[in-house]
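In my numbering, the protein residues as written are 22 to 448.
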């Protein structure tokens, strides 16, 4: 099938070009089993992609959970994120002023603390001229605190101490150095779409930038399985930054050694601009007339008769055409060993029982909730201060004692209730 053919092509590519680095966007968690000696698995539990490496659009996609963004809240982020970055670089500094080439923007991949960003929002809410903007600021603050405490975004906000780890992050994801394993398989099964959209956008953008600024010394292949998810034909669908990042690789990447592999069973749902930039095609059995028409439009007229077999080809058969082959041909792929077929390990583990009575429902519910048991217990045993997020040494602290009426609120929290409109409340 399609996945087995892709696995075989990747294996042959590595043998021909040992210097090639490959990043696979794997929505079904199946390719790692087919490349065991070359592959490093990365999933939501092992991925370390700090929030400060996200651009503003990508970060907003996380905060708004895939829904339409609020321009006013995005504008606030555009102003306050650079200030938070300046506080990280220059602790104790005052108002951030942009100065020439050293100016920080919301898109600059420089560390900052969520606590500092929330502090900036609180300070803006305390300004007299921001009275009309307080509902917008409160809504934005709630979104940030909600995302930072969401277990699905643990890979973004998990670090308690914010450090500049961009070198380690890029090196681990893109295998620099590769330590004999040049393939990274990013397993996305079970991840929510808004997380996938943002992460894929970041990874595609980093792949292009890494090849660009290495001046062609790094050869990278970004393979997109189910590519119609990221680059749909309808421009109103999909996530615009992801589409733009992948489109940039397709159009300009070959100049710098960054290549795009597009894998889909529905070429009719794929952006035709992306498809037109592909130089070599392997077309397997297609029954849908719309999909066949897309393939016909990409092949030379002199070879169009070859596509007559497109709906009746057997297993391991494909029609290859483009720059990678001398002429349009019908070919048959080599047979892979059974243990190297993608998804074999998953299917072997999931052997169905005759009665279904041995299904571990507790394990299924735990995975459904996406919160491990130790963290569930921790959530009940302690109180997390959402205003002090990743980057603070006391990110998690024991339950606070009940506040007494005569306690000094200002001394404890460093806030002025009269300025911020806050008053201590008794439980």
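Glycine residues also receive a C-beta, built at the ideal position from the N, C-alpha and C atoms.
- In terms of Cβ geometry, residue 340 and residue 349 form a close pair [threshold 9 Å].
- In the DSSP assignment, residue 192 falls outside any beta strand (DSSP E) and within the unbroken alpha helix (DSSP H) covering 187 to 195.
- Cβ neighbours of residue 334 within its own chain (closer than 8 Å, five residues either side excluded): 305, 306, 340, 351.
- Residue burial annotation: residue 65 is buried, with at least 16 other C-beta atoms found within 10 angstroms of its C-beta.
- In this structure residue 295 touches residue 283 by the C-beta definition: roughly 7 Å separates them, less than 8 Å.
- The C-beta distance from residue 167 to residue 82 rounds to 14 Å, too long to meet the 8 Å contact threshold.
- The three-state secondary structure of residue 277, taken from DSSP, is coil.
- The shortest C-alpha to C-alpha distance from residue 242 to any of 214, 325, 206 is the one to 206.
- In the structure shown, the three-state DSSP call for residue 356 is coil.
- The secondary-structure analysis by DSSP pairs residue 47 across a beta bridge with 208.
- With a 10 Å radius around the Cβ and a threshold of 16 neighbouring Cβ atoms, residue 71 comes out buried.
- Beta-carbon to beta-carbon, residue 197 and residue 45 are separated by about 16 Å, too far to satisfy the 8 Å threshold.
- In the three-state reduction of the DSSP assignment, residue 299 falls in the coil class, being assigned neither a helical nor a strand state.
- Residue pairing by DSSP places residue 245 opposite 46, 283 in a beta bridge.
- As computed with DSSP, residue 350 is found in a beta bridge with 341.
- By the criterion of at least three beta-carbon pairs nearer than 8 Å, the stretch 98 to 106 is in contact with the stretch 132 to 141.
- In the structure shown, residue 266 adopts helical secondary structure according to DSSP, grouped into three states.
- Counting along the chain, residue 95 sits inside the alpha helix (DSSP H) bounded by residues 92 to 110.
- Just measuring C-alpha positions, the residue of 95, 94, 201, 154 sitting nearest residue 38 is 201.
- Around the beta carbon of residue 216, a 10 Å sphere encloses 16 or more other beta carbons of the protein chains shown; the residue is thus reported as buried.
- By the CB criterion at 9 Å, residue 300 and residue 343 fall inside the cutoff.
- With fewer than three CB-CB distances shorter than 8 Å, the stretch 74 to 89 does not count as touching the stretch 272 to 283.
- If you draw a straight line from the Cα of residue 226 to the Cα of residue 76, it comes to about 10 Å.
- Residues of the same chain with a CB within less than 7 Å of the CB of residue 298, apart from the 5 flanking positions on each side, are 271, 272 in chain order.
- With 16 or more other CB atoms across the displayed protein chains lying within 10 angstroms of its CB, residue 315 is buried.
- Residue 252 counts as buried, since at least 16 other C-beta atoms from the protein chains shown sit within 10 angstroms of its C-beta.
- For residue 60, DSSP records a beta bridge to 204.
- Put simply, of 78, 69, 32 the residue whose alpha carbon is nearest the alpha carbon of residue 59 is 32.
- Using a Cβ-Cβ distance cut-off of 8 Å, the stretch 182 to 199 and the stretch 22 to 36 are not in contact, since fewer than three pairs of beta carbons, one from each stretch, lie closer than that value.
- Spatial neighbours of residue 312 in its own chain (CB-CB distance under 7 Å, excluding positions within 5 residues in sequence) are listed in chain order as 287, 288, 289.
- Closest option to residue 346, judged by alpha-carbon separation, among 302, 327, 386, 387: 302.
- Relative to residue 185, the option among 324, 130, 244, 248 whose CA is nearest is 130.
- Contact check for residue 292 against residue 268 passes: the beta carbons are separated by less than 9 Å.
- Partner residues in the beta bridge of residue 41, as assigned by DSSP, are 240.
- Residue 248 sits buried, since 16 or more C-beta atoms from the chains shown fall within 10 Å of its C-beta.
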